[in-house]
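A.B. asks: The structure that follows is given in the form of structure tokens.
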Amino acid sequence: MGCDQKKTIEKQPEGTHETSDKIKVLNVATFHFGYTSDANKVDFDEEDRNTQEEIRALSKMLAEFKPTIICIENHPQYDAEINRVYQEYLNDPSQLNTNYGERSMVAFDVARLNNVSQLYGIDSYMDYNYLIGEQIVNTIDSATYRDYMNNPFKDSPELAELDKKFDDLPLLEKLRFYNHPKVLDFNININADNLLYVGTQDGFEGADEAAKFYQRNLRIYSNLNRIPMTKDDRVFILMGAAHASFLRELLERSPKFEMVNTLDYLK
């Protein structure tokens, strides 16, 4: 996936204005900076000096949200470990910690800039077969499935064109693309909803795999709600794009949370 210059991606009506007593949330979709087992990976050298300068600038932008709670794609049972590393980083923040990808490179620095004492992992792992549509004889609707897989941005030619240039873009422009509303919708389709067109004659193989991915993200949202917070808190969530896309759907309907416009903090 990719995008072009900032002026090409105009501000979208995503999120709401800060007018209610709900807890404000900045929900940021990202790719994984370091190693990932995800099927789709972005070529990214987190050790490159220019890249690290881009990350520092990005963290300052996101820190303007002034979060009091920071949530990352980490399993809650490992919170003690990553927070120990975060405390070590606070002792010498001159060098970014690349061991945890975007979690330590971005979230650590956003937390430091806002004097946040700890980070919360909200991930919940579930095994999921991304490739089920390629592994069975699909008798439900292979035409729709295949057409979307081959050309997911058919109805958004401007995004299709931007996608081709992704690898050559600065970090900020990559993340602006990832947080475009139509790209967030794409992440739900490509990871789950498109599998609803997949299945054998009497089976629901695609739907069952899609349900697993929905379940994982519902559990992530449940983990978010385990964190003690009040209406005065401000929550920054940094997750892989697929999870951020699902969280966006849940946060938009929430009686508890109010999303701010992510693109307002990626300028």
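Take the sequence shown: its position 238, counting from 1, is numbered 614 in our numbering, and each next residue is one higher.
Glycine included, C-beta positions come from ideal geometry on N, C-alpha and C.
None of the values given here were measured: they were computed from a predicted structure.
Taking Cβ to Cβ, would you say L472 is nearer than 7 Å to Q428?
C.D. replies: Taking 7 Å as the Cβ cut-off, L472 and Q428 qualify as a contacting pair.
A.B. asks: Name the one or two DSSP bridge partners that Y496 has.
C.D. replies: DSSP, once it has assigned bridges, lists C447 as partnering Y496.
A.B. asks: Out of M615, A620, Y462, M605, which has the shortest C-alpha to C-alpha gap to I399?
C.D. replies: Comparing Cα-Cα distances from I399 to each of M615, A620, Y462, M605, the minimum goes to M605.
A.B. asks: Quick one: is E423 buried, meaning 16 or more other Cβ sit within 10 Å of its Cβ, or exposed?
C.D. replies: By the 10 Å Cβ count, E423 comes out exposed.
A.B. asks: How should T576 be labelled, buried or exposed, when 16 other C-beta atoms within 10 angstroms of its C-beta is the threshold for buried?
C.D. replies: T576 comes out exposed.
A.B. asks: Measure the CB-CB distance between R624 and L560 and report whether it falls below 7 Å.
C.D. replies: Their beta carbons are under 7 Å apart, which means R624 touches L560 by this criterion.
A.B. asks: Going by the CB atoms, is the gap between V574 and I445 shorter than 7 Å?
C.D. replies: Their beta carbons are not under 7 Å apart, which means I445 does not touch V574 by this criterion.
A.B. asks: Whole angstroms is fine: what's the gap from F409's alpha carbon to R602's?
C.D. replies: Between F409 and R602, the C-alpha separation is close to 27 Å.
A.B. asks: Do the segment 485-492 and the segment 508-521 make contact, defined as three or more Cβ pairs closer than 8 Å?
C.D. replies: No: fewer than three Cβ pairs fall under 8 Å.
A.B. asks: Apply the 10 Å Cβ neighbour rule to D499 and answer buried if 16 or more other Cβ atoms are within range, or exposed otherwise.
C.D. replies: With 16 or more other Cβ atoms within 10 Å, it is buried.
A.B. asks: Between the segment 561-571 and the segment 582-594, do three or more beta carbon pairs fall short of 8 Å?
C.D. replies: Counting Cβ pairs under 8 Å, three or more are found: they touch.
A.B. asks: With 16 other CB atoms within 10 Å as the buried threshold, where does E634 fall?
C.D. replies: E634 is buried by the Cβ-count criterion.
A.B. asks: In the DSSP assignment, find the alpha helix (DSSP H) that holds I566 and state where it starts and stops.
C.D. replies: Run containing I566: 557-567, per the alpha helix (DSSP H) assignment.
A.B. asks: Report the rounded CA-to-CA distance for G579 versus F622, giving the unit in angstroms.
C.D. replies: So the alpha carbons of these two residues sit roughly 26 Å apart.
A.B. asks: With DSSP as the reference, identify every bridge partner of V574, one or two as the case may be.
C.D. replies: None; V574 has no bridge partner.
A.B. asks: Can you tell me where the beta strand (DSSP E) with E634 in it begins and where it stops?
C.D. replies: Where E634 is concerned, the enclosing beta strand (DSSP E) stretches over 633-635.
A.B. asks: According to the neighbour-count rule (16 or more other Cβ atoms, all chains shown, within 10 Å of its Cβ), is Y465 buried or exposed?
C.D. replies: Flag for Y465 reads buried.
A.B. asks: Would you mind listing the alpha helix (DSSP H) stretches within the segment 424-475 that are 4+ residues and don't spill past its ends, in chain order?
C.D. replies: Segments of the alpha helix (DSSP H) lying fully in the segment 424-475: 425-439, 455-467.
A.B. asks: Buried or exposed: where does A620 fall if 16 or more other Cβ atoms within 10 Å of its Cβ makes it buried?
C.D. replies: Result: buried.
A.B. asks: Would you kindly work out how many angstroms separate the C-alpha atoms of K540 and S470, rounded to a whole number?
C.D. replies: Going from the Cα of K540 to the Cα of S470 covers about 35 Å.
A.B. asks: Where DSSP assigns a beta bridge to R610, which residues make up the other side?
C.D. replies: R610 pairs with K400.
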